[in-house]
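Q: Read in order, the letters of the sequence shown correspond to residues 2 to 305 in this note's numbering. C-beta: ideal position from N, C-alpha, C; glycine also. Take a look at the following structure, please.
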Amino acid sequence: MSTWLEIVGLGAPATVQDGGRPGVMHHGVPPGGAWVPELLVAANRAVGNAPGAAALEAFGRLELRARGRDVRVSVDGAAQSLLADGATLTVPAPTRYAVRYVAVDGALAVPEVLGGQGTLWVARLGGWEGRPLHNGDRLPLGPPATPGAPPSEADLSRLTEALAPTAPLRVLLGPDASRFGDSAVELLLGSSFTVSPSSDRVGQRLDGPPVPHGDEGAGTSRPMVRGAIQVTLSGTPIVLGPDHPTTGGYPLIAAVIRADWGRLGARRPGAPVRFQAVSLEEARHAWKGHPGATSDPAPPILGP
C-alpha cells in the first residue's frame, strides 16, 4: 500500500530539503542542503532516519495529513510523536528560529536528482517538482524506520549552544586580503551587523557599516563555497547560503566556518551578527562533536 504525507495548509514557503548534493559544482550546481543543518539532523535522528534524509523545511505554519500508515514525526529534533493514518498535524510557525524542520520516519521518498533530493529552487530541480510546496501536494514516504532514541539533555544542550542567537560567527579570514586594508578587517570584526530582510537561501545580506575595499568589480571569477563573505561595491557583506552561485567576482574578506552555518541561518531578519576570527585548527575543533556533524571521516571546514 502506498503511503504519503499530504500538505493541507501552508502559512509561508516550505520545501523538501536534505543534506545537499556535494560534488556537482563543476556542473554549475550549488550543493544546496538545509538552511539550518543542525535542525535537519536532529529531526531525522529523532525518528530513526539517516541524518541527511529528506524532510520539510518550513518558514511558517504547516498542516500535514498522514495517508497509508501511522507515521512518527519530529519537529526540530523534539521527541517524536505519532500521527495516525488520516489524522492532521498542525506545526506552528517558527518562533525561536527563522525556520523549522519536520522529519517523518522513513523520510520523504521524492526522486533523487544529481545525487540529492533537496529542492534547488533557483534551478527548478529536486524536491517536489523543483518548487515550493502547494496545498494538496502528496509527498511519498519511504518504508518505516526503526524508532530513534529520544534526544538526551546533552543533545539538546549542544543544539542550543550551536544555534545561540547572540554568539559570534567564527570566520577564517581571506582569501582576498590584498583587496582589503587592515581597517576593513578591523571594522568587520569590531562591528555589529544585523540580518537584512533582503536575504534568502542564496545569501544573507547584512545591514551595518559599509566595509571598505579598493575593488572595482574587476576581480577574476572564482569558485564559491557556502559561508563565504562577499563584499559588494557598496560595502555590503553577503554571506553565501546553500543555494549560492558556484562562481563569483566580488572579493572575499572571510568565510564562516561550517560549524556556524546554522548559527547564522537560524537568525531572523533584524537579529544581531558579530564576527570572530579563528584559526584553521580552531575551525576543525569546532566541528568535532558538533550536532550537525555526520559520520564523514574528514568533514570539510568551509563547504562540500
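1) From I302 to S193, what does the alpha carbon distance come to, in whole angstroms?
2) Report all residues from its chain with a CB closer than 6 Å to the CB of R159; omit the five preceding and five following residues, and keep chain order.
3) With a threshold of 9 Å between beta carbons, is G293 in contact with chain D?
4) Whose C-beta lies closer than 7 Å to the C-beta of P210 among residues of the same chain, with five residues either side of it excluded?
5) Name, in chain order, the residues that DSSP records as bridge partners for T195.
6) Between E58 and A13, how many whole angstroms is the CB-CB distance? I'm expecting something under 8 Å.
7) Looking at the strands, I want to know which residues DSSP matches up with T91.
8) Looking only at DSSP bridge pairs, what is V103 linked to?
9) What runs of the beta strand (DSSP E), each 3 residues or longer, lie entirely inside the segment 129-175?
10) Taking the continuous beta strand (DSSP E) assigned at V17, which residues delimit it?
11) Am I right that L11 and L140 are in contact with their C-beta atoms under 8 Å? What's the rounded C-beta distance?
12) Are the beta-carbon atoms belonging to L83 and V72 less than 9 Å from one another?
13) Only counting the same chain, and skipping five residues up and downstream in sequence, which positions put a Cβ closer than 7 Å to that of A278?
14) Under 9 Å between the Cβ atoms of T237 and D208?
15) Helix, strand or coil for G266 per DSSP?
16) Can you tell me where the alpha helix (DSSP H) holding V9 begins and where it ends?
17) Looking at C-alpha atoms only, which residue of P198, S235, R259 is the closest neighbour of E282?
18) Hey, could you find the ends of the alpha helix (DSSP H) L40 is sitting in?
19) Hey, P145 and D86 are a contact pair by Cβ (cut 8 Å); roughly how many whole angstroms apart?
20) Using the three-state DSSP reduction, which class does R22 fall into: helix, strand or coil?
21) For P224, which residues does DSSP report across the bridge?
22) Using a 10 Å radius around the Cβ and a threshold of 16 neighbouring Cβ atoms, would you call A168 buried or exposed?
23) Where does R46 land, buried or exposed, given buried means 16+ other C-beta within 10 angstroms?
24) Taking its Cβ as the centre, do 16 or more other Cβ atoms sit within 10 Å of P93, making it buried, or is it exposed?
A: Put simply:
1) Model confidence at I302 stands at a pLDDT of 49, short of 50, so the residue's coordinates are unreliable and nothing is read from them.
2) If we look at R159 and ignore the five residues flanking it on each side, its Cβ neighbours are P292.
3) Although the question refers to chain D, the structure presented lacks it and comprises just one protein chain.
4) L188, S192
5) D208, P273
6) Not a contact, Cβ separation roughly 11 Å.
7) E64
8) Within the DSSP secondary-structure output, V103 pairs in a beta bridge with L57, V76.
9) 139-141, 170-174
10) First-last of the beta strand (DSSP E) with V17: 15-18.
11) Contact doesn't hold; Cβ gap of about 13 Å is too wide.
12) Yes; because the gap between Cβ atoms is below 9 Å, this pair is in contact.
13) V172, L174, L190
14) yes
15) In the structure shown, G266 sits in a helix (DSSP, three-state: H, G or I).
16) From DSSP, V9 is part of no alpha helix (DSSP H) but of the beta strand (DSSP E) over 5-11.
17) R259
18) 38-48
19) About 12 Å separates the two Cβ atoms, so there is no contact after all.
20) coil
21) T248
22) Result: exposed.
23) Classification for R46: buried.
24) A residue is called buried when at least 16 other Cβ atoms come within 10 angstroms of its Cβ; P93 does not meet this threshold and is exposed.
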